[in-house]
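Every position in the sequence shown, counted from 1, becomes a number in the working numbering once 81 is added.
Using N, Cα and C, we set each Cβ at its ideal position, and we do this for glycine too.
What follows is a short report on a single structure.
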Amino acid sequence: MSSSKPRDNAGGRPADHLSRADTGTSYSAPSESLILPGGAVGEETAEYLEEFVGTHSHHNASGVAGSAAEEIVEEEDEIARRKALPWWRRPSPWWLLCAVPFSAIVKSATLAPKVEIYTLLACRVHKPDIYHDSQIHDAFSKVVAPRAEIAGTVESDLYFPWAPIIRSNNTSLGGTEYPRLVVLAERAIGKKPKSPCAADPTVLAAVARLSAVIETTMGVLSLITTGWWGAWSDRHGRATILAVSLVGLLVSDFNFINVYHFSESLPGNYWFLMVGALLEGLLGGFSTAVAAQHAYIAETSTDATRARFLSLNLGLLFTGMTFGPVLGSLLIRNTGKTISVFYLTAIVHSIYAVLIFFGLPEPLSKRRMKASQLKYEGELRAGAEEIQSTSGGAAVVARAKRLFKFLSPLSVFMPELVDKGRNPLKRKERDWNLSLIAVAYGFTISIMASFPYIFQFANATFDWNSETLGYWLSVVGAGRAIWLTIVLPLAIKLFKPKPLIIELPAPSSSRSGAPEEEEPLLESEPNEDVSPNPPRRVKMIKKELHSPRFELGVARLSLVIDIMAYGIMVLFASQRAFGLFGVLGAMGIGYSPAVQTLLMALYARRGGTETGRLFGALSVVQALSAQILGPAGYGFVFIRTVSTYPRAIFVAGITCVTISLILMSFVRLPQDRDLEREILGAHRSGDLEEEGSAISDNSVPSRAQ
Numbered sequence: 082m083s084s085s086k087p088r089d090n091a092g093g094r095p096a097d098h099l100s101r102a103d104t105g106t107s108y109s110a111p112s113e114s115l116i117l118p119g120g121a122v123g124e125e126t127a128e129y130l131e132e133f134v135g136t137h138s139h140h141n142a143s144g145v146a147g148s149a150a151e152e153i154v155e156e157e158d159e160i161a162r163r164k165a166l167p168w169w170r171r172p173s174p175w176w177l178l179c180a181v182p183f184s185a186i187v188k189s190a191t192l193a194p195k196v197e198i199y200t201l202l203a204c205r206v207h208k209p210d211i212y213h214d215s216q217i218h219d220a221f222s223k224v225v226a227p228r229a230e231i232a233g234t235v236e237s238d239l240y241f242p243w244a245p246i247i248r249s250n251n252t253s254l255g256g257t258e259y260p261r262l263v264v265l266a267e268r269a270i271g272k273k274p275k276s277p278c279a280a281d282p283t284v285l286a287a288v289a290r291l292s293a294v295i296e297t298t299m300g301v302l303s304l305i306t307t308g309w310w311g312a313w314s315d316r317h318g319r320a321t322i323l324a325v326s327l328v329g330l331l332v333s334d335f336n337f338i339n340v341y342h343f344s345e346s347l348p349g350n351y352w353f354l355m356v357g358a359l360l361e362g363l364l365g366g367f368s369t370a371v372a373a374q375h376a377y378i379a380e381t382s383t384d385a386t387r388a389r390f391l392s393l394n395l396g397l398l399f400t401g402m403t404f405g406p407v408l409g410s411l412l413i414r415n416t417g418k419t420i421s422v423f424y425l426t427a428i429v430h431s432i433y434a435v436l437i438f439f440g441l442p443e444p445l446s447k448r449r450m451k452a453s454q455l456k457y458e459g460e461l462r463a464g465a466e467e468i469q470s471t472s473g474g475a476a477v478v479a480r481a482k483r484l485f486k487f488l489s490p491l492s493v494f495m496p497e498l499v500d501k502g503r504n505p506l507k508r509k510e511r512d513w514n515l516s517l518i519a520v521a522y523g524f525t526i527s528i529m530a531s532f533p534y535i536f537q538f539a540n541a542t543f544d545w546n547s548e549t550l551g552y553w554l555s556v557v558g559a560g561r562a563i564w565l566t567i568v569l570p571l572a573i574k575l576f577k578p579k580p581l582i583i584e585l586p587a588p589s590s591s592r593s594g595a596p597e598e599e600e601p602l603l604e605s606e607p608n609e610d611v612s613p614n615p616p617r618r619v620k621m622i623k624k625e626l627h628s629p630r631f632e633l634g635v636a637r638l639s640l641v642i643d644i645m646a647y648g649i650m651v652l653f654a655s656q657r658a659f660g661l662f663g664v665l666g667a668m669g670i671g672y673s674p675a676v677q678t679l680l681m682a683l684y685a686r687r688g689g690t691e692t693g694r695l696f697g698a699l700s701v702v703q704a705l706s707a708q709i710l711g712p713a714g715y716g717f718v719f720i721r722t723v724s725t726y727p728r729a730i731f732v733a734g735i736t737c738v739t740i741s742l743i744l745m746s747f748v749r750l751p752q753d754r755d756l757e758r759e760i761l762g763a764h765r766s767g768d769l770e771e772e773g774s775a776i777s778d779n780s781v782p783s784r785a786q
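Have a look at this one:
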């Protein structure tokens, strides 16, 4: 989508200063949204990815007001101070960029194996007989089958690392009964037998319950704590918050390995995984780490290099998330153990921790951190005085407002009264466009939370293990990257209507703060050769008039593609259908950037100028739907239907996308002539600046060449 977000420098960086953004409402999307079908990839993310692969077209940023003079001086002083430091103490984006792909690889490599580990842990508790049979059968498949004669009676000895020798004609040794291992006929044609644990409805329901509780808990805690930790980093430093979030990740990693090996000796068995989830969520989780990483890059780069570093960071993140699943699959194939991926994750995070704890220079100066601390103390005093000045119910309301402050950005989507007609006697109507789009966005983004259960469905129905799912995820991630950075920009360039060019006389010089003299102080001598009324050259404003109809069409088309993808799985639950489901899901990636561009256009038409507030509200919607309500809702559906109709998870997905399409169909955009009338009214009332859009009755709009 062509961005309408204002730029503050020639480098093309969005006008929202990441280093000085309101951390109280910031929220980072989970990184797995880059590769999962239905994951949110924002308009700004799309631009940075296009920048990374070299397909992004830069826009002229002239005419946009720069930073305040004191901020420019402070930034120049900070750059000079850093240049005087030795290289190992100098804050630089490269300190983090070198670790981004490795962190992304291990993050994405665990998506599918995590579901398989959950399945083994739940099967060990709820179906111990099936669990032990499957373990013996797996050992037979890996150790014995390559040397066995499948067609006849096995004559060789069967060796297991944990059991005595078992003869093919003897199933009882030393008084211990072992189930007879039967080589299934399907192995004669090379088909792996279905895992009993992954196909058992009781185990599937237990895994879905565990996954829903963990994801919902982490989503709630991350949403509540991310803003607080972001503000805390302003007072104590970016490197410090990176270390704090990394502690949560390390605790979660080692707790996961500990539960895998010793779950039967731990309180609650596999529910002891909640300890790691709680600590990771309280310490901000992965979203806080990503937000702090972006802030660190913004702090250590200049206006000229910031866009390049941010696009490089996102490109490396996308690359790591794309290749991570296939690398995890190769590791599982070579080691034969699913848990090996989590050992690799713990090792990479440990090395990353050494870098953060001992080698990462702090970009914030002590003066800036001290100023943030003083500001925070003032806010605390003001809040305490407000609570003390109230009593009873008012005090409770004041405390509740502070507790749910993270939901306050959602007020930007509330419908407002607007004058849709030009008749002043006609009653104003409420504009529901932003509300409809926000709710539709929430329904669509929520389908990302269904993928742990879709992985379970693939394990049970197609007998896909973590290795196969890893290959599938990498293919889907690569398809999303190609579609977002190459196919979609090319389609926009070819099919997006060209904007209207508007021309009209520029406002008088009094608009720029230099009022004209009504009478000169000194009268000049009359000159007969000079005309008494010389013709004045009128300065014209030439601006583009963009209509967001194309973005609305892209969003609706993307939803139709998603409906087709989920409909295929509802009708044909086959492996080929599942592959096509992933391909179509990758093609629906244009929804998020299209919706964000559409929201910015409609928000600006309302008169809104705080795009940071708009995107903060959109982040809250994404967090609520994809990490809180989504896991709980889809988990409930899967638990209730797994034993009777497991494809109901796809029915739930197609229902959410269909509701989103219905809501988007109620969005009404103004006609071009209505936009022209609004711009003309703004020009006549003096609200239109020189760089704004304008039109007059006598001016003739023309298509851009």
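- By the C-beta density criterion, V635 is buried, having at least 16 other C-beta atoms within 10 angstroms.
- Membership of E197 in the alpha helix (DSSP H) is indicated by the continuous run L192 to H207.
- For L498, the secondary structure class from DSSP, reduced to helix, strand or coil, is strand.
- In this structure the region 274-284 touches the region 192-209; the number of beta carbon pairs closer than 8 angstroms is three or more.
- The beta-carbon separation of M402 and G558, rounded to 6 angstroms, stays under the 8 angstroms limit for a contact.
- I198 and L398 have their alpha carbons spaced roughly 25 angstroms apart.
- For F662 and G560, the gap between their C-alpha atoms comes out near 12 angstroms.
- Cβ contact annotation for Y672 (same chain, cutoff 7 angstroms, sequence separation greater than five): T525, A636, S639 and L640, in chain order.
- Per DSSP, the unbroken alpha helix (DSSP H) holding A682 starts and ends at Y672 to R686.
- For P444, the secondary structure class from DSSP, reduced to helix, strand or coil, is coil.
- Annotation for C737: the continuous alpha helix (DSSP H) segment containing it runs A729 to S746.
- Taking all protein chains in view, the Cβ of E466 is surrounded by fewer than 16 other Cβ atoms within 10 Å, so the residue is classified as exposed.
- Here N350 has V206 and S344 as same chain residues with Cβ atoms under 6 angstroms from its own Cβ, once five neighbours each way along the sequence are excluded.
- With respect to the 8 angstroms criterion, L515 and Y684 are classified as neighbours on the basis of their beta carbons.
- Beyond the five residues adjoining it in sequence on each side, L347 comes within less than 8 angstroms, by CB distance, of N339, V340 and F353 in the same chain, given in chain order.
- Taking 8 angstroms as the cut-off, the beta carbon of T297 is found no closer than this to the beta carbon of S368.
- With a cutoff of 8 angstroms on beta-carbon distance, S446 and D315 are scored as not near each other.
- With a cutoff of 8 angstroms on beta-carbon distance, V738 and L285 are scored as not near each other.
- Contact between the region 708-728 and the region 525-538 is present, with at least three C-beta pairs closer than 8 angstroms.
- Between the beta-carbon of V429 and that of S184 there is about 7 angstroms, and that keeps the pair under the 8 angstroms contact cut.
- N415 sits exposed, since fewer than 16 C-beta atoms from the chains shown fall within 10 Å of its C-beta.
- With respect to L491, A698 sits close: the two C-beta atoms are nearer than 8 angstroms.
- Between P629 and T690, the C-beta spacing is not below 8 angstroms.
- In this structure, DSSP gives P533 a helical state, which the three-state scheme calls helix.
- With respect to L412, S421 sits close: the two C-beta atoms are nearer than 8 angstroms.
- Rounded to the nearest angstrom, the Cβ distance from A370 to V288 is 27 angstroms, too far for a contact under 8 angstroms.
- Taking a 10 Å sphere around the C-beta of Y726, we find fewer than 16 other C-beta atoms and assign the residue as exposed.
- Approximately 14 angstroms separates the beta-carbon atoms of L323 and I432; this is outside 8 angstroms, ruling out the contact.
- Contact between Q708 and G300 holds: CB atoms are separated by about 3 angstroms, below the 8 angstroms threshold.
- Check the Cα spacing between E510 and each of L498, L695 and R687: the tightest is with L498.
- When the five nearest sequence neighbours on each side are left out, the beta carbons in the same chain lying within less than 6 angstroms of the beta carbon of A519 are those of F494 and V702, in order along the chain.
- Look at V723 here: in three-state DSSP terms it is coil, with no helix or strand label.
- Using a Cβ distance threshold of 8 angstroms, P444 and Y377 count as a contacting pair.
- Taking 4 residues as the shortest admissible run, the region 345-432 contains the following complete alpha helix (DSSP H) segments, listed from N- to C-terminal end: 354-363, 366-380 and 387-416.
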